[in-house]
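Read through the structure below, which is laid out as structure tokens, and then see the notes.
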Amino acid sequence: MTDKKTDKETIPAKGKVGVYICYCGGNISDHVEVEKVRESMEKIPGVEVARTDMFMCSDPGQEMIMQDLKSGTVDRVVVASCAPSLHETTFRSAISRAGANPYIYEHANIREQVSWVHHGDQATDKAIRLVAAATAKAEGLKPLEPIRMEARQHVTVIGGGIAGLRTAKDLADCGVAVALIEKSPFLGGQIAQLERLAPTGDPAADIVTELAGEVLGDPGITVHTCSLVETFNGYVGNFTLGVKKRPPDTDCEKLSSLNPSGRTPGEFIPFKGFYPESVAARAEELSIETGVVVLATGFKSYTPRRGEYGYAEFPEVITLPELIRIMAENKTTDNCLEINGRQVRSMAMIHCVGSRQIPGIHPEDESGNFNEYCSRTCCSATLDTAGTIRQSYPGTRIFELYRDIRTYGRGQEELYEQAAKNKVVFLRFEADESPEVIRSNDHDDFPLRVKVKDVLTFGEEVEVPVDLVVLATGMEPNNVSELVDMMKLPVGPDRFLLEVHPKLRPVELPVGGILLAGTCQAPMDVGEACSAAAAAAVKAAVLLGRGYVELDPFVAEVDLEKCRGTGACVEACLNEGALNLVEMEVDGEMVQRAQVTSALCWGCGACVAVCSENAIDINGWTLKQYEAMVDIIVADEATA
Amino acid sequence: MALVNPNFAEEMERFGADAALECFNCGTCAAICPLIYEHFPRKMIRYLQLGAKDRIMENASELWRCLHCGLCTQTCPREADPGEIILGLKRFAVANWRRS
Numbered sequence: 138m139t140d141k142k143t144d145k146e147t148i149p150a151k152g153k154v155g156v157y158i159c160y161c162g163g164n165i166s167d168h169v170e171v172e173k174v175r176e177s178m179e180k181i182p183g184v185e186v187a188r189t190d191m192f193m194c195s196d197p198g199q200e201m202i203m204q205d206l207k208s209g210t211v212d213r214v215v216v217a218s219c220a221p222s223l224h225e226t227t228f229r230s231a232i233s234r235a236g237a238n239p240y241i242y243e244h245a246n247i248r249e250q251v252s253w254v255h256h257g258d259q260a261t262d263k264a265i266r267l268v269a270a271a272t273a274k275a276e277g278l279k280p281l282e283p284i285r286m287e288a289r290q291h292v293t294v295i296g297g298g299i300a301g302l303r304t305a306k307d308l309a310d311c312g313v314a315v316a317l318i319e320k321s322p323f324l325g326g327q328i329a330q331l332e333r334l335a336p337t338g339d340p341a342a343d344i345v346t347e348l349a350g351e352v353l354g355d356p357g358i359t360v361h362t363c364s365l366v367e368t369f370n371g372y373v374g375n376f377t378l379g380v381k382k383r384p385p386d387t388d389c390e391k392l393s394s395l396n397p398s399g400r401t402p403g404e405f406i407p408f409k410g411f412y413p414e415s416v417a418a419r420a421e422e423l424s425i426e427t428g429v430v431v432l433a434t435g436f437k438s439y440t441p442r443r444g445e446y447g448y449a450e451f452p453e454v455i456t457l458p459e460l461i462r463i464m465a466e467n468k469t470t471d472n473c474l475e476i477n478g479r480q481v482r483s484m485a486m487i488h489c490v491g492s493r494q495i496p497g498i499h500p501e502d503e504s505g506n507f508n509e510y511c512s513r514t515c516c517s518a519t520l521d522t523a524g525t526i527r528q529s530y531p532g533t534r535i536f537e538l539y540r541d542i543r544t545y546g547r548g549q550e551e552l553y554e555q556a557a558k559n560k561v562v563f564l565r566f567e568a569d570e571s572p573e574v575i576r577s578n579d580h581d582d583f584p585l586r587v588k589v590k591d592v593l594t595f596g597e598e599v600e601v602p603v604d605l606v607v608l609a610t611g612m613e614p615n616n617v618s619e620l621v622d623m624m625k626l627p628v629g630p631d632r633f634l635l636e637v638h639p640k641l642r643p644v645e646l647p648v649g650g651i652l653l654a655g656t657c658q659a660p661m662d663v664g665e666a667c668s669a670a671a672a673a674a675v676k677a678a679v680l681l682g683r684g685y686v687e688l689d690p691f692v693a694e695v696d697l698e699k700c701r702g703t704g705a706c707v708e709a710c711l712n713e714g715a716l717n718l719v720e721m722e723v724d725g726e727m728v729q730r731a732q733v734t735s736a737l738c739w740g741c742g743a744c745v746a747v748c749s750e751n752a753i754d755i756n757g758w759t760l761k762q763y764e765a766m767v768d769i770i771v772a773d774e775a776t777a
Numbered sequence: 021m022a023l024v025n026p027n028f029a030e031e032m033e034r035f036g037a038d039a040a041l042e043c044f045n046c047g048t049c050a051a052i053c054p055l056i057y058e059h060f061p062r063k064m065i066r067y068l069q070l071g072a073k074d075r076i077m078e079n080a081s082e083l084w085r086c087l088h089c090g091l092c093t094q095t096c097p098r099e100a101d102p103g104e105i106i107l108g109l110k111r112f113a114v115a116n117w118r119r120s
């Protein structure tokens with residue numbers, strides 16, 4: 138650990154504060170009398186200058202702050218503007234560019250917390266109190282340095298699907314050592330359950346074999362199959378994962394049955410995956426020291442409820458993944474497709490099964506969840522399969538029942554056009570009038586009928602006689618609740634893992650050093666999952682590239698002159714390991730004193746609250762600073 | 021209720037309507053048609069796609085409203101040739117008149 142100490146002598150303990158108040162183009166100034174706030178600030182002792190600007194975040198606004206710092210007019214900065222989540226970094230960075238320490242900065246939020254919610258004099262009064270409190274705190278701010286930690290040049294990827302494989306290979310190519318952890322005995326994930334990938338028609342087996350081969354052939358990557366992460370400790374750059382390898386209980390038999398002809402590890406087994414190694418004979422535990430963790434835990438295909446469109450009630454109703462597998466394993470050259478021993482003269486494919494569900498219309502699952510999102514890949518997969526069937530089995534008629542066709546990607550709209558050329562007939566239904574799958578009456582030649590109010594036939598009720606119904610099932614995130622609890626990961630309302638920012642930081646999580654790749658985050662096709670995986674690899678390489686990571690310095694610090702070593706803080710500490718009692722020599726005597734491990738400290742302040750000696754404080758949020766804020770908030774003259 | 025006949029569109033090829041399944045039901049033909057009559061010819065083409073023979077025969081007299089001006093065929097974005105489909109449906113209606 139290289140916790141760099143600051144040269145605190147260069148800047149006086151009590152500062153010259155500059156206050157910069159923003160109009161936000163009327164967002165603030167329409168309700169807060171900004172000039173009145175400025176006048177009030179000018180009266181506060183310790184405030185050297187108070188200035189206003191139409192947009193403080195603009196270049197001229199930032200330049201104004203930098204000028205005051207460079208000329209030595211001020212050495213503490215308060216900006217009163219929008220929420221700190223928006224522009225705190227902007228202003229800290231401006232301060233750095235002016236050559237000052239970015240932590241001599243305090244932010245007052247007078248937009249979200251004032252002008253957007255209060256009006257008239259009250260708004261101005263509250264703004265004055267908030268900005269005054271910020272100046273009082275700013276006066277006592279001391280320069281801080283980010284905590285610099287050495288980073289292990291190692292990444293752990295959880296999940297051996299296409300995203301996990303792509304991330305592992307890309308990182309290994311950057312020279313970073315990688316551990317790939319996969320719970321099943323196979324690599325390739327859900328892609329191994331497919332025959333060909335729309336819209337290009339690439340064989341899934343080739344894609345998995347190629348990438349898995351590259352991963353296994355790379356000396357920088359260690360692959361652990363049949364493995365689960367059981368424990369998780371540490372912080373960005375220095376995580377420790379406890380991993381348990383188990384021999385697969387049922388899979389072992391299946392594996393040997395797959396291997397009658399002496400199939401060796403290192404080949405692709407259709408609808409299983411790439412089989413990289415002989416499986417572990419007995420349970421084994423390992424500990425992996427790693428710098429960054431990439432989650433590539435993937436999705437599972439939605440399983441329709443019993444009775445949903447007749448699923449599990451009628452043997453002629455199957456899902457699209459089931460159809461793909463049956464077709465791959467029973468290739469014929471007949472005129473008609475044959476499924477489970479039955480000629481398919483006519484079949485219906487129903488879109489949006491388990492996707493775009495609407496509360497009140499669709500049934501919820503046993504935990505009360507709805508899949509309100511579009512799974513994005515099923516339209517193309519369905520159209521592609523329809524095209525394949527029409528071309529290989531021209532005797533099989535296809536009817537597609539959809540709510541909307543969403544072939545959104547490159548080369549995918551062509552699948553829709555191609556379907557019409559292949560004489561696929563489309564029927565459209567409204568969300569609240571889903572098709573019904575019913576048994577045909579005895580004298581009918583077809584076993585099932587699909588009954589639907591067809592929008593394209595002006596709402597007339599139409600019945601399609603069919604031999605087979607195929608449900609285009611969507612994606613659901615794999616259940617990773619144990620990882621979520623262990624790593625404290627944010628989960629969105631759709632139960633997928635939730636990134637920091639959907640546009641600007643799409644593969645990062647708020648937990649430092651943990652990244653996202655692929656369909657654990659949202660439904661994606663193979664290309665998109667690989668893009669996300671490559672992005673995660675780059676982000677991991679960036680985190681580790683400098684050899685160290687920097688953490689916010691808002692952590693506890695012990696005043697050794699006051700500490701008596703009671704241990705109350707250690708007991709109160711919420712993150713095990715962040716605070717410890719250590720032996721040290723004081724005045725020639727061996728005594729116990731509290732010591733902070735900065736990288737583990739959350740800066741929560743639980744220790745500060747219990748110390749009877751006031752010997753521990755949180756940097757950037759000291760008790761003295763709080764007191765100064767409270768004093769000025771309750772003082773009368775602040776609002777005068 | 022209209023019962024779908026999966027093989028009808030193919031039967032219709034014999035009557036000269038072979039592009040009906042290209043139609044994606046946009047309604048441009050009905051919008052341009054000078055008859056301005058109840059979604060004509062779109063609705064007829066839709067019945068053909070589904071193979072709703074009964075509906076076609078019930079409404080067969082509508083087919084003779086068509087002036088064969090060719091505007092629908094000119095404007096169809098899918099080149100489904102609506103004018104030719106209507107002609108084909110006329111031939112079908114004539115062939116099946118007695119039987120129905």
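Chains as they are written, first to last, in this note's numbering: chain F, 138 to 777; chain H, 21 to 120.
All C-beta atoms in this analysis are idealised placements derived from N, C-alpha and C, irrespective of residue type, glycine included.
Quick caveat, the model's predicted, so the values are computed rather than measured.
Taking the straight line between their C-alpha atoms, what separation do you get for residue i and residue j?
| i | j | result |
| --- | --- | --- |
| F/PRO397 | F/PHE411 | In this prediction, F/PRO397 has a pLDDT of 42, which is less than 50 and means its spatial position is unreliable; nothing more can be read from the coordinates. |
| F/PRO627 | F/LEU302 | 24 Å |
| H/GLY90 | H/ARG34 | 21 Å |
| F/CYS515 | F/VAL373 | 37 Å |
| H/LYS63 | H/PHE44 | 12 Å |
| F/VAL431 | F/ALA666 | 13 Å |
| F/GLY354 | F/CYS159 | 58 Å |
| F/ALA417 | F/PHE323 | 13 Å |
| F/GLY257 | F/ILE769 | 22 Å |
| F/GLN528 | H/ILE56 | 39 Å |
| F/PHE118 | F/ALA654 | No answer is possible for residue 118 of chain F: the residues shown for chain F start at 138 and end at 777. |
| F/LEU423 | F/LEU538 | 50 Å |
| F/GLU764 | F/THR440 | 58 Å |
| F/ALA518 | F/ARG576 | 27 Å |
Check this for me: beta carbons of residue i and residue j, under 8 Å apart or not?
| i | j | result |
| --- | --- | --- |
| F/TYR240 | F/MET193 | no |
| H/LEU107 | H/PRO54 | no |
| F/VAL268 | F/ALA220 | no |
| F/CYS706 | F/LEU716 | yes |
| F/GLU427 | F/ARG289 | The question names Glu, yet the displayed sequence has Thr at residue 427 of chain F. In this structure, F/ARG289 lies closer than 8 Å to F/THR427 by Cβ. |
| F/LEU688 | F/GLY714 | no |
| F/PRO407 | F/ALA342 | yes |
| F/PRO413 | F/VAL360 | yes |
| H/LEU70 | H/ALA22 | yes |
So, is the C-beta of residue i closer than 8 Å to a C-beta in chain H?
| i | result |
| --- | --- |
| F/PRO397 | Legend: pLDDT at F/PRO397 = 42, less than 50; position of this residue unreliable, no value from coordinates given. |
| F/ALA671 | no |
| F/PHE228 | no |
| F/PHE595 | yes |
| F/TYR157 | no |
| F/LYS409 | no |
| F/ALA557 | yes |
Tell me, please, whether the CB atom of residue i is closer than 8 Å to any CB atom in chain F?
| i | result |
| --- | --- |
| H/ASN45 | yes |
| H/LEU68 | no |
| H/LEU23 | yes |
| H/ALA113 | no |
| H/LEU131 | This structure gives no information on residue 131 of chain H, because the portion of chain H shown stretches from 21 to 120. |
| H/PRO26 | yes |
| H/LYS73 | no |
| H/ALA29 | yes |
Any heavy atom of the ligand ADP inside 7 Å of the beta-carbon of residue i?
| i | result |
| --- | --- |
| F/LEU460 | Here there are no bound small molecules, and the ligand ADP is not part of this structure. |
Could you list which residues in chain H have their beta carbon closer than 9 Å to that of residue i, in chain order?
| i | result |
| --- | --- |
| F/ARG482 | PRO26, ASN27 |
Could you tell me which chain H residues have their CB closer than 8 Å to the CB of residue i, listed as they occur along the chain?
| i | result |
| --- | --- |
| F/ARG383 | By Cβ distance, chain H contributes nothing, its closest Cβ being about 50 Å from F/ARG383, past 8 Å. |
Check the Cβ of residue i against every Cβ in chain F and list those closer than 9 Å, keeping chain order.
| i | result |
| --- | --- |
| H/LYS63 | THR594, PHE595 |
| H/HIS59 | PHE595 |
| Whole beta strand (DSSP E) runs in the stretch 625 to 692 of chain F with 3 or more residues, listed along the chain? | Taking only runs of at least 3 residues, the beta strand (DSSP E) segments lying wholly in the stretch 625 to 692 of chain F are 651 to 653, 685 to 688.
| query | Can you give, in chain order, each stretch of the alpha helix (DSSP H) that sits fully within the stretch 506 to 535 of chain F and has at least 4 residues? | reply | The stretch 506 to 535 of chain F contains these whole alpha helix (DSSP H) runs: 515 to 529.
| request: List in chain order: all unbroken beta strand (DSSP E) runs of 3+ residues lying wholly within the stretch 159 to 221 of chain F. | output: Uninterrupted beta strand (DSSP E) stretches at least 3 residues long and entirely within the stretch 159 to 221 of chain F occur at 184 to 190, 213 to 218, given in chain order.
| task | At 4 residues or longer, and completely inside the stretch 539 to 572 of chain F: list those alpha helix (DSSP H) runs for me, N to C. | result | You should have 550 to 558.
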